[in-house]
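Trainee: Have a look at the structure that comes next, please.
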Amino acid sequence: MQLPGLITVSSDDGATLEHLANMMGESFLEEMWFGTWLAALDDLGAGRERKLAIMQAYFLDELSVLAQHGAVYALEDLTAATGGYLASELGQAGQERLETMRYERMEALLTEEEGRLLDEREQAMYVISDFDWHRAWPREGDDYIYFSSWAVDKNARGTHALSRLLAPILAFADANGLDCYLECYADRLQSMYEHFGFRVVRELHDDGFPVYERCMMRPAQR
């Protein structure tokens, strides 16, 4: 997608990807799915610094793969960024790459015990962790935009950075009749995303966890 006011981060631009991964890692420490997942390390005494390092490695792995498909967009001042793609641009090969990717940097960072506990927690959270639902939701053949993540620099909060990031993407979606998809796990985020035109179309609950997945869609505004 060619989006005015945004840069498409190249997979060769390691410094920018690392900067954005650090920003996302810090932002997603406050996100409830990741908070629940990382809580598996609490008995090991893992504090904020350790969890932040894990999150930053996680997002560097993810953004590095997305960038290979032109699916990392940011404001020119790098105060907000998203990993998101137009399904037709990603293609089947890209979909398969995302489905099978390994988080190699994160895995190298984890101790054996940390890896075991996080794997067990992820398996326990399986019911509320459907990150592929959007692929079956559109009618066959319909193109769409999916957001895997976005974040705003903590020092840019209150500057409408997220609105400036999303405005050209949503304008592109509307101009091309594209629905948009994402997930969230908090009332506050749901309310924020509803402000941008998203609505909850599906909820996934598990009695073992207080958080639940809200699958959200934004219909194209025609």
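Numbering (full-length UniProt numbering), first residue to last: 1 to 222. Note that CB positions come from ideal geometry on N, CA and C, so glycine has one too.
Taking the straight line between their C-alpha atoms, what separation do you get for His89 and Glu120?
Mentor: Checking the sequence shown, residue 89 turns out to be Glu, not His. Near 34 Å, if we compare the C-alpha coordinates of Glu120 and Glu89.
Trainee: Answer with yes or no whether the minimum CB distance from Pro219 to chain B is below 8 Å.
Mentor: The structure shown has no chain B; it contains just one protein chain.
Trainee: What's the C-alpha gap between Phe198 and Leu41?
Mentor: Taking the straight line from one Cα to the other gives about 33 Å.
Trainee: Leaving aside the five residues before and after His205 along the sequence, list all residues of the same chain whose C-beta is less than 6 Å from its C-beta, in chain order.
Mentor: Contacts found: Tyr212.
Trainee: Short of 6 Å in beta carbon distance, which residues of its chain neighbour Met101, apart from the five on each side in sequence? Order them along the chain.
Mentor: These residues qualify, in order along the chain: Val65.
Trainee: Does the distance from the CB of residue 231 to the CB of Arg214 come in under 8 Å?
Mentor: Past the boundaries of the shown model lies residue 231; the chain is included only from 1 to 222, so the question cannot be answered.
Trainee: Could you check where the alpha helix (DSSP H) with Met217 kicks off and where it finishes?
Mentor: Run containing Met217: none in the alpha helix (DSSP H); it sits in the beta strand (DSSP E), Glu213 to Arg218.
Trainee: State the DSSP-derived secondary structure class of Tyr193, mapped to helix, strand or coil.
Mentor: Helix at Tyr193.
Trainee: Could you pull out every unbroken alpha helix (DSSP H) segment of at least 4 residues lying fully inside the stretch 72 to 156, listed in chain order?
Mentor: Counting only runs of 4 or more, we get 87 to 100, 104 to 109, 112 to 124 and 133 to 136.
Trainee: Just how far apart, CA to CA, sit Gly91 and Asp143?
Mentor: Approximately 11 Å, taken between the alpha carbons.
Trainee: For Gly5, which residues in the same chain have their Cβ closer than 6 Å to its Cβ, ignoring the five residues on either side in sequence?
Mentor: Answer for Gly5: Pro168, listed in chain order.
Trainee: Can you give me the start and stop residues for the alpha helix (DSSP H) that Arg164 sits inside?
Mentor: Arg164 -> alpha helix (DSSP H) spans Ala161 to Ala175.
Trainee: Just checking my contact of Thr82 with Val152 at CB under 8 Å: how many whole Å lie between their CB atoms?
Mentor: Not quite, the Cβ-Cβ distance comes to about 10 Å (not below 8 Å), so this is no contact.
Trainee: Specify the secondary structure class of Glu183 as computed by DSSP and reduced to three states.
Mentor: Here Glu183 sits in strand by DSSP.
Trainee: What are the partner residues of Thr16, as DSSP defines its beta bridges?
Mentor: Answer by DSSP bridge pairing: none, since Thr16 is not bridged.
Trainee: Counting only the same chain and skipping the five closest in sequence on each side, list residues whose C-beta sits under 8 Å from that of Glu76.
Mentor: Closer than 8 Å at the Cβ level, and outside the excluded window around Glu76, lie Gly5, Leu6 and Ile7.
Trainee: Using a Cβ-Cβ cut-off of 6 Å (strictly less than) and excluding sequence neighbours within five positions of Arg218, which residues of its own chain qualify?
Mentor: The answer, listed in chain order, is Cys180, Gly197 and Phe198.
Trainee: Can the beta-carbon of Glu18 be found less than 8 Å from the beta-carbon of Leu60?
Mentor: Contact flag set, yes.
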